[in-house]
Each structure stands twice: as structure tokens, then as C-alpha cells.
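Notes follow once the structure below has been shown.
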Ligand SMILES: Nc1nc2c(ncn2[C@@H]2O[C@H](COP(=O)(O)OP(=O)(O)O)[C@@H](O)[C@H]2O)c(=O)[nH]1
Ligand SMILES: [Mg+2]
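Residue numbers (full-length UniProt numbering): 1 to 194.
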């Protein structure tokens, strides 16, 4: 994929701020710190388009980035951050439910998990949640540079099994550090970008 344009657009808390141009959207979901923002930067060849290593703030938002004037990446605030109050967690849940239940331009979700570890309970819940709403899910196991090559297959199988993936469900191994899986990611996204 040749990237001719990539820009931050808006941080939305709800439908009033969602873009109205109807361009397709790809959402990024996953635990805080799993590497969602790094994934976006890496596949767009932009070092700092999306800020990484961010502590989840009080108001968590859906961050929209437009690519090639043709589609959006939507960086969804992550789950699993321990220091979030019950009230903020509830607000997060409502924001996600509004977005995932009724967002028509949303074409697919990239769910990131950590290749080093078996999926958490929350990873599994999120996977089921996305499937419940009928969204195509591309599972990306990232931070592969932190796992010895000889263990990739084993870790991959553990993740696929825990998430209940079928053999033909899109799954790929990724690294924002060395670019592993970049071409495969674009291949998996291609059907949803038009
Ligand atoms: N080694 C390695 N570190 C990564 C990778 N992806 C993200 N990180 C690091 O993990 C931390 C969290 O990444 P970030 O993209 O902010 O995660 P987010 O909270 O899901 O958006 C940062 O310190 C990144 O540099 C990766 O593929 N390999
Ligand atoms: Mg982030």
C-alpha cells in the first residue's frame, strides 16, 4: 500500500463527532499498551502520527486518522488498565457499545493481542463482543520481536485456540519494531478499504 496522506482528524466521544463523509473505517481494539498506536504508525510508515505509550487519560476517546483521503483508522481506547475508576470504565463501555453497535461505516476491526502471552479474559471477551456485533475481525499478534522465532508457531496456536478462531479466520503475526507482518496486514485489510 502506497501511503500518500495520513492525518489526525478528530477525537470523538460519541456520534456527534464521528465523520459524516461515509468513508470506510477500520477500528483498532486491544488492551492498553498492547501496541495499537504503534501498529498504526508502522503500517503507515509514520513515526509519530499516533502518540504511543500514553497513559489512558480521564476522557478516553475514539481517535480518527484519515489515510489517502480514502479510509479511516480509528484508535479505540484500550481495556485492561488497572487504575481506571468504575465510573470511567462504565463510560468507556458505553462509548464502545455505541460505536460498535451502530457505526455503519465500520468495515472491520483489527484486534491486537500480545504474541508473548495467552489472550487475557478481556481479550476473549472483546473478541466475542465484536463477533456478536457481526464485525469482521483481523487478529494481530504483535510484539513478535520479543518472542524467539522457534516459538512463534506454538504461541500462535495457543492464541487461536483461546480465541476460538477457525483455520481461515484472518490472523497474523506483527512487530512494530521490525515490520514483520506489515504486508500481510495490508493484504488482510484490503477487502475493507473501499
Ligand atoms: N518490542 C516491541 N514493542 C512494541 C511493539 N508495539 C508496541 N510496542 C511498545 O509497547 C508500548 C505500548 O505501545 P502503544 O502503541 O502505545 O500501545 P497502545 O496503548 O495499544 O496504543 C510502547 O512502549 C511501544 O513502543 C512491538 O511490536 N515490539
Ligand atoms: Mg495508544
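Beta carbons: idealized from backbone N, C-alpha and C, even for Gly.
Going by alpha carbons, who is nearest to residue i out of the options?
i: residue 4; options: 67, 122, 84; result: 67
i: residue 113; options: 7, 29, 102, 2; result: 29
i: residue 71; options: 91, 162, 21; result: 21
i: residue 118; options: 155, 88, 101, 91; result: 155
i: residue 24; options: 84, 69, 157; result: 69
i: residue 121; options: 159, 138, 100; result: 159
i: residue 186; options: 110, 18, 99, 97; result: 110
i: residue 78; options: 17, 149, 31, 52; result: 31
i: residue 123; options: 189, 139, 135; result: 139
i: residue 6; options: 40, 149, 27, 168; result: 40
i: residue 149; options: 137, 116, 167; result: 116
i: residue 80; options: 74, 73, 93; result: 93
i: residue 101; options: 88, 130, 126; result: 130
i: residue 193; options: 16, 27, 33; result: 27
Determine the DSSP secondary structure at residue i, reduced to helix, strand or coil.
i: residue 94; result: helix
i: residue 62; result: strand
i: residue 11; result: strand
i: residue 44; result: coil
i: residue 81; result: coil
i: residue 25; result: strand
i: residue 39; result: helix
i: residue 183; result: helix
i: residue 73; result: strand
i: residue 167; result: coil
i: residue 172; result: strand
The region 175-190 in contact with the region 4-19 per 3-pair CB rule at 8 Å
no
Whole runs of the alpha helix (DSSP H) within the region 107-158, excluding any shorter than 4 residues
121-132
At a cut of 8 Å, does the region 132-149 reach the region 162-173 through at least three beta carbon pairs?
yes
Quick check: the region 45-64 against the region 104-111, are at least 3 beta-carbon pairs closer than 8 Å?
no
Does the region 158-167 touch the region 45-54, meaning 3 or more C-beta pairs lie closer than 8 Å?
no
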